[in-house]
Each structure stands twice: as C-alpha cells, then as structure tokens.
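Visitor:
Protein chains in written order, with the working numbering: chain A, 505 to 817; chain B, 17 to 244; chain C, 23 to 268.
1) What is the residue span of the beta strand (DSSP E) that residue 156 of chain C lies within?
2) Can you give me the C-alpha to C-alpha distance between residue 216 of chain C and residue 46 of chain B, rounded to a whole angstrom?
3) Listed from N- to C-terminal order along the chain, which residues in the stretch 705–725 of chain A have their beta-carbon within a distance smaller than 7 Å of any beta-carbon of chain B?
4) Would you say residue 192 of chain C lies against chain B (beta-carbon separation less than 9 Å)?
5) Quick one: using the 10 Å Cβ neighbour count with 16 as the cut-off for buried, is residue 194 of chain C buried or exposed?
6) Return the bridge partner residues of residue 104 of chain C from the DSSP annotation.
7) Would the stretch 610–618 of chain A and the stretch 795–805 of chain A be scored as touching if the rule is three or more Cβ pairs under 8 Å?
8) Can a CB atom of chain A be found closer than 9 Å to the CB of residue 126 of chain B?
9) Give the interface partners of residue 700 of chain A over in chain B, defined as CB-CB distance under 9 Å, in chain order.
10) Could you tell me the distance, in whole angstroms, from the CA atom of residue 46 of chain C to the CA atom of residue 82 of chain C?
11) Output, in chain order, the set of chain C residues within a Cβ distance shorter than 9 Å of residue 151 of chain B.
12) Going by C-alpha distance, which of A:587, A:638 and A:667 is nearest residue 573 of chain A?
13) Along chain C, in chain order, which residues have C-beta atoms closer than 8 Å to that of residue 143 of chain B?
14) From residue 535 of chain A to residue 53 of chain B, what does the alpha carbon distance come to, in whole angstroms?
15) Might you give, ordered along the chain, the residues of its own chain that have their beta carbon closer than 6 Å to the beta carbon of residue 630 of chain A, omitting 5 neighbours on each side?
16) State the Cα-Cα distance for the pair residue 91 of chain C and residue 161 of chain C, rounded to the nearest angstrom.
17) Could you name the residues of chain C that residue 235 of chain B contacts, counting a contact when the two beta carbons are closer than 7 Å?
18) CB-CB under 6 Å to residue 69 of chain C, same chain, minus the five flanking residues each way: which ones, in chain order?
19) Residues of chain B with CB closer than 9 Å to the CB of residue 105 of chain C, please, in chain order.
20) Tell me whether residue 528 of chain A is buried or exposed, calling it buried when 16 or more other Cβ atoms sit within 10 Å of its Cβ.
21) Could you name the residues of the stretch 602–624 of chain A whose beta carbon sits closer than 9 Å to any beta carbon of chain B, in the order they occur along the chain?
22) Could you confirm whether any beta carbon from chain B is found closer than 9 Å to the beta carbon of residue 697 of chain A?
23) If we ignore side chains and look at the alpha-carbon of each, how far apart do residue 204 of chain B and residue 542 of chain A end up?
24) From the beta carbon of residue 653 of chain A, is the nearest beta carbon of chain B less than 9 Å away?
25) Report the residue from A:698, A:653, A:652 and A:623 whose alpha carbon sits nearest the alpha carbon of residue 640 of chain A.
26) Cutting at 6 Å between CB atoms, please list the residues of its own chain near residue 28 of chain B, excluding the five before and the five after it.
27) Is it the case that the Cβ atoms of residue 604 of chain A and residue 744 of chain A are separated by a distance below 9 Å?
28) Nearest chain A C-beta to residue 45 of chain B closer than 9 Å, yes or no?
29) Where does residue 817 of chain A sit, in a helix, a strand or coil, going by DSSP?
30) Grab me the residues of residue 211 of chain C's own chain with a C-beta within less than 6 Å of its C-beta, minus the 5 sequence neighbours each way, in chain order.
31) Classify residue 611 of chain A as helix, strand or coil using the three-state DSSP reduction.
32) Would you call the stretch 184–200 of chain B and the stretch 89–103 of chain B in contact, with 3 or more CB pairs under 8 Å?
33) Beta carbon of residue 114 of chain C, beta carbon of residue 135 of chain B: below 9 Å?
34) Would you say residue 694 of chain A lies against chain B (beta-carbon separation less than 9 Å)?
35) Alpha carbon to alpha carbon, how far is residue 104 of chain C from residue 11 of chain C? Give it in angstroms, no decimals.
36) Enumerate in chain order the residues of its own chain whose CB-to-CB distance from residue 22 of chain C is below 7 Å, with the five nearest sequence positions on each side excluded.
As structure tokens, this is what we get:
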C-alpha cells in the first residue's frame, strides 16, 4: 500500500549509497599501487622528521606514503616479518642484521644518527657527570643498590631500540642484565614508551636512558637534565630496510627502494641535518653523509642508493 | 589467523601452568578494578539516588551531562588524574602517582558517570507508588532513597558489574597513572600494550583472551543474576 | 478542636481545581466516612492529609498544630502518627513480613523480634497468618490489600486513612475487615474511610462527608446523610450500595 513515489525514493537512496560505497572503496584500493607503508620506531616518528621527509617525497613523486606502525621497534619488525609494510626504519643493528639474514629484508642503509643521553636529576646523586656511559651505569647501580630512595633508574623494559642499547651498556659496565633487572627497587621497569618513561623519571627524580630527539621534545616539561650526551657508547644509528618481495610477495618494493634512494640523496640528507634547528636551537639528527665511520656502517650500506633490485613476479 | 589460534593455545598454556607472572598480573587487575568498582559504588549509588529523587533546577542538564560522560576516553581521564597527582600538581604530595592506589582513584573517576547514570536509570524504573508508600509509612529522605535503591537492586548491581567490567578492560588510566611498572602496577591491559609494542603478538593475544574470558564470566554472572 | 482539623483546604493542579473549601474535623475513636463519585477528589484529599502533597490553600491541623506548610522534619514526624492504605497498594520487592514491618523499621522501633511479633499479630488480624515468607508481589489483589492494611495497623497510628480498603475483597473477607475496622475505631484511632460502598459506610461510619466535584456537599451523622440519600432518590448521583442485593 506504499505509494510508488515512496518506493522510488527508497530505491534512489539505496542506489546513491551503493555508488558512494563503491567509489570510496575504489579510491581506497586504487591507492595501493602508488602506496608505500613504512614501519618505524616511536623515537624517530615522534620527532616529526619522517613526516617532513615524506611530505617532500610525495611532492616530487606523486605517491602515497603512510606510516601505520610507529610504536616499538619490536612491533615494527614484526610488521616487516609479516609483510604488512613495505619498508622498515629502525635503530637496532643486531635485529636489523638478523632481519636481513632471515631474508625478510633486502639490504640495510644507514642514513642518519644521533646520540642517546643519560638523563637524571639536576643534583646528580650518583655523580655520573663527566663519566663515560658504562662507568656512569656502574655508578648508578652501585649507588642505587645502597640507597634506592636517592638513586633510581627507570628502564623502558620493552625491548625497544633504546632498551637494547641500555642492555648493551649494562653489559659493557660488566653486569649480567638479568641480574641488574632483578637486583632491587632502585631499578624500575616501566614497560612504557619513551615519553612516558621520561615523565616517570621526572616524577621520581630518577636516571634513564633516552634518545636525544624525544628528550628535546619533552625538555620543556621536565626538570631532568642530560648528564652524559655523547660518545661512541651512546651512538644511535637509524637505518632503512626494504622488505624482501621474494619472501613477502605483494610488498611495494619499487616504491620502497625509491624512498630509500631519496633518504640517501643529498637533498634529503640536508633536511635531516638541519631538522629541529629552529625549534630546539640545535638539530635533532646528524646526516649520515660523510659520517660512515662514526656510524660504524660499512661503505656498502652507508648513504648509497639501493643495489638489490626487486625481483619482479 | 595463525596468531589467533596460537594465542588461544598460549592462553591455555599460561593458565594451565599457572604461569606466575600472568597470575600476578591478572590478580592485580582484578583487585584494582574491583576495589575501584566497590568504592565508586559506595559513593555513586547514594549519589544517584539523591539526584534522581530530589527536585532541583538544572537536574535534567546534570543527568544529560552524566550520560555524556559515559564514553569518556580513558586516556583523557588518565591525563586529568595525572595532572592532579603529579608532583607538580595539587595532590602531588600524596605520592599517589605510579601506585596501585592512584590507579584505583583514576578508575573510580572513570566509571563514576556510568555508575551514577545507570543507578538513576535503575531508579527511574521503580514505580512512583513505591515512593509514596514509603513516605506515607514514615520514611525520611535517606530511608526513601535506600528503599528505592533496594527495589531496583538488580539493575543497580548490574550497573556496578558494568562499571567493574569497564575498569578491568581500560588501558588509558592504568597506563598513565600506573606506569606499567613490573611487579607493582602492571595489569592485563598494560601488559597487552607492552607485549604488542614488543612484537610478541601471541603472548599479547593470549593475555587478551584471558581478559575476554574474565569479562565473559562477569557477564554470565550478570545475566544469571538478572534472570532471577 | 478536633484531633484532625481541615480548614478551607483547596488543591489545584494548574488550572484544574480538584478540591475547594474543604472544612472537616475528625475525632479520635471516630470513623468518618468519605463518599463521592469517582473523580470527586477523595484520593487527593487523603493524600493531602497524609502530607504527600502540599495544599494550594488552607491548613491541615493535627492535635492543634498545623502540619501542612511546615518544614520536612515536622511533616515526617506528623506522618509517623498516621498511616494510609492506598486504593491499589504496591508491595515492596520482598516477603510479606518485611513489607509489614517496613513502617516499624523506618521508625527504628523495638528489636527485630518484637517487630516480627507485631507483624504476625497484624497479619492474623487481617486473616493472613502464615503468609510471612511469601513473596509479596505474587499475591492476589485482595491479599495485597489486606497486607497493606496490616502494614498500616501494625503501626498503631493515631490517624488511619483508608482509600477503598475492601474494594478487591470478596464479601466474606470484606466483612471480616469491616469488623476489624470497627474494633480499631473504638480505641484511640481516628479513621477516615473513603469508599464507594454505601452499605459499608452506613455500617461503619459515625459521620459522613459527601464529596462532589471537589466540594463537601453534605456533612453529618451517617444515619442523617445516608438515610436521606436513600429516601430522597432524587440526588443526581447514583447510590451504588443500595442497589446491590445484599
């Protein structure tokens, strides 16, 4: 008993809805060919450097670049191992090497670096200022064991690149990490990302290891100060690895390699070397170009365009 | 898909072997959220009663506001409470940040709109004649409120269980106020976040399954209770 | 002055004037019948007396002191001297015993055991012994009405307000309740009985007030009022009780 007019209106509405649905899905899926997905680590992502680079890249290359994964190094690597992304940008040499050995990635390209800082309360109760990193850690542990109310260390405890670096420093200081981990209330396992860890260290007037860029970003809200700012032991090298299309068919290897080539190009290296100058008074990164020795990267993997082609199916 | 299946297997493994770390985290989750729900109920149920049964200007707006706050993002509440409990905040001297007590407080704030709002709804479901009967039999305001809450007790208990469930499965407050400190403030939800960021997807899935399992038990109890 | 005095009482809801110029008095030990057609305002009048609502005009005076228009604390105290049985009583979600002891609990009277004893006595008086642990909401309408009455009389109120207390009862039970009400009145209780039932009214009430469209059209001894109605036969209002073949 409904009027024909009513039926027609319903039909029209449903058709319009379907057309919209189809258009949207078409638009979404069409993007795939020119779409690059990157997994990276939060300490790099949070600085905004990647977004700046991506903006430039997409302007010159009419591609879509997305960074769906920017949590811990662990989840980034996992995304790479599942072929859910096309490109990995992280800062953990040991795991990167393993990644390539297991043929999940094509090749490693170092393109930028900075340093970790050991930060802590201004009055420096463990007296680390002026020491090198491993001696600083030694001092913190000793004083922390005897006086946990005064001296504390917060760890990220999340197997991130920063956490890996921290573990290697404990080793360099002569300790077994699992011993450090369970030795007492002075060592606080926060299981948190870098920003949250810094905030906790701030609240508790504790020491922690942080990457330079996150610290600079949070500095305004913290009373913590950097006590040790450089040295080989605190080197933090960022590399890019394209995911291997043989092992993970469907990844956009072409575009990944294109992006890596852009990362190592003089133009992009310039962007990297000056990023943050205005906002923080000094740049947050050092360009990889010309600094291969410092970074400890071999000539083949340091700031050169990609070699491995995408074996195409 | 593999992860999900492996996650289920891992969950069973963790439970059956009574994995100590998982047991500890689960117990802590339950204790913190249960405490939050109980304490919040003690305040919010009478408060809901007062709001519903009194007449005052702006009552409607207040109830609307409460219902809007049901869906408060947990990170927002986390941030709010963080600012209050931080060393540089008004209650910093209480040293509640990064403690389980702080988490309880945060969760209490998170679920209060739900508890108050659902109590109000529950009370609205009670016949107005009950109120008249209670008053005519000599009840004062407090006694009337208690009587009506008692009449609506099933719906009110349901509200508390819902609040408990929300507290149990939230991560924003737990993370910001608790800090996910191992052996101290680490709970199921923050562990899931950590395991995920580490790429341990199976373990993360397993913990999620345990959490879902607990929620299921909660909801089943709720239905049984209401079915009476 | 009478135990309960109502002076120039009026009640309006917006434009609608439900009660107007009500003047009444009830003494202790007296049963005042309140009769009138449906919608005449009987229930409203009882509600006002029970202080569930405030009158628009006039005063309610209990034992020489005004109780309407007073702060809540005084009204609660006044209500605790009265008890009301509503037309369609509701039961609390509990057993019969808890329903009946509600008023005692609320007043904090006595110990639990004493309250239970009183409740049992009240249940016996209304003919429902043994109902203590039954779920009050599973009872029939008539049973609920008797529970409501037990709930009221267990309080030994000084003023008892009854709104059609036997409307849902079969004649046998109704008659038993009538006897109960009669015995109450002999004592210290003032009773207002609102009813449709002429027979009941004539039987129980000492005096009668006739309420038509919110006004008292007649007030006096029941023989005079009811007798008159029966004789006149020209009243515009049907007298139901007299038509029934009792």
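Every residue gets a Cβ at the ideal spot worked out from N, C-alpha and C, and that includes glycine.
Guide: Let's see:
1) Working through the third chain from its first residue, we reach residue 156 of chain C at position 134. Taken as a continuous stretch (DSSP letters only), residue 156 of chain C belongs to no beta strand (DSSP E), as it is neither H nor E.
2) Indexing the third chain from 1 puts residue 216 of chain C at position 194. Indexing the second chain from 1 puts residue 46 of chain B at position 30. In a straight line, the C-alpha of residue 216 of chain C is about 57 Å away from that of residue 46 of chain B.
3) 707
4) Along the third chain, one-based indexing puts residue 192 of chain C at 170. No, because no Cβ of chain B sits closer than 9 Å to the Cβ of residue 192 of chain C.
5) Working through the third chain from its first residue, we reach residue 194 of chain C at position 172. Classification for residue 194 of chain C: exposed.
6) Numbered from 1 along the third chain, position 82 holds the residue referred to as residue 104 of chain C. In DSSP, residue 104 of chain C forms a bridge with C:181.
7) yes
8) Locating residue 126 of chain B in the second chain gives position 110, counting from the first residue. Residue 126 of chain B does not count as touching chain A.
9) Indexing the first chain from 1 puts residue 700 of chain A at position 196. Simply 191, 192, 195 and 196.
10) Here residue 46 of chain C refers to the residue found at position 24 of the third chain. Here residue 82 of chain C refers to the residue found at position 60 of the third chain. The alpha-carbon atoms of residue 46 of chain C and residue 82 of chain C are separated by roughly 10 Å.
11) For this step, residue 151 of chain B is matched to residue 135 along the second chain. Neighbours of residue 151 of chain B on chain C, chain order: 72, 73, 74, 98 and 101.
12) Against the first chain, residue 573 of chain A aligns to sequence position 69. Nearest C-alpha to residue 573 of chain A: A:587.
13) Position 127 of the second chain, counting from 1, holds the residue named residue 143 of chain B. Residues of chain C passing the Cβ test: 112.
14) Numbered from its first residue, the first chain carries residue 535 of chain A at position 31. Numbered from its first residue, the second chain carries residue 53 of chain B at position 37. Residue confidence for residue 535 of chain A is low, a pLDDT of 48 falling below 50, so the modelled location carries little weight; the figure read from the coordinates is stated next. Roughly 47 Å between the two C-alpha positions.
15) Stepping through the first chain from its first residue, residue 630 of chain A is reached at position 126. Result list for residue 630 of chain A: 643, 644, 647 and 655, in chain order.
16) Residue numbering aside, residue 91 of chain C sits at position 69 when the third chain is read from its first letter. Residue numbering aside, residue 161 of chain C sits at position 139 when the third chain is read from its first letter. Roughly 38 Å separates the two Cα atoms.
17) Here residue 235 of chain B corresponds to residue number 219 of the second chain, with the count starting at 1. Those within 7 Å of residue 235 of chain B in chain C number zero; the least Cβ separation is about 24 Å.
18) Numbered from its first residue, the third chain carries residue 69 of chain C at position 47. Counting only Cβ-Cβ distances below 6 Å, and skipping sequence neighbours, we find 75.
19) One-based indexing of the third chain puts residue 105 of chain C at position 83. What residue 105 of chain C touches in chain B: 152, 153 and 154.
20) Your numbering for residue 528 of chain A matches position 24 in the first chain. It is exposed - the Cβ of residue 528 of chain A has fewer than 16 other Cβ atoms within 10 Å.
21) none
22) Position 193 of the first chain holds residue 697 of chain A. Yes, contact with chain B.
23) Here residue 204 of chain B refers to the residue found at position 188 when the second chain is read from its first residue. Here residue 542 of chain A refers to the residue found at position 38 when the first chain is read from its first residue. Rounded to whole angstroms, residue 204 of chain B to residue 542 of chain A spans 29 Å at the Cα level.
24) In the first chain, residue 653 of chain A corresponds to position 149, counting from 1. It does not: the Cβ of residue 653 of chain A has no partner Cβ on chain B nearer than 9 Å.
25) Walking along the first chain from the start, residue 640 of chain A turns up at place 136. The residue with the shortest Cα to Cα distance from residue 640 of chain A is A:623.
26) As a position in the second chain, residue 28 of chain B is number 12, starting the count at 1. Within the same chain, residue 28 of chain B has no close Cβ partners at all.
27) Locating residue 604 of chain A in the first chain gives position 100, counting from the first residue. Locating residue 744 of chain A in the first chain gives position 240, counting from the first residue. Not in contact: residue 604 of chain A and residue 744 of chain A (Cβ atoms no closer than 9 Å).
28) On the second chain, residue 45 of chain B is found 29 positions in, with the first residue counted as 1. False, the Cβ-Cβ gap to chain A never drops below 9 Å.
29) To locate residue 817 of chain A, count along the first chain from 1; it is residue 313. Since pLDDT at residue 817 of chain A reaches only 45, below the 50 mark, its modelled position is unreliable, and the value read off the structure follows with that caveat. Correct three-state label for residue 817 of chain A: coil.
30) Here residue 211 of chain C corresponds to residue number 189 of the third chain, with the count starting at 1. Result list for residue 211 of chain C: 182, in chain order.
31) The residue labelled residue 611 of chain A in the question sits at position 107 within the first chain. Strand at residue 611 of chain A.
32) yes
33) Here residue 114 of chain C refers to the residue found at position 92 when the third chain is read from its first residue. Here residue 135 of chain B refers to the residue found at position 119 when the second chain is read from its first residue. No, these two residues do not count as a Cβ contact at 9 Å.
34) Numbered from 1 along the first chain, position 190 holds the residue referred to as residue 694 of chain A. True, the Cβ-Cβ gap to chain B drops below 9 Å.
35) No information on residue 11 of chain C is available, as it lies outside the stretch 23 to 268 that chain C covers here.
36) No answer is possible for residue 22 of chain C: it lies beyond the span of chain C, which begins at 23 and ends at 268.
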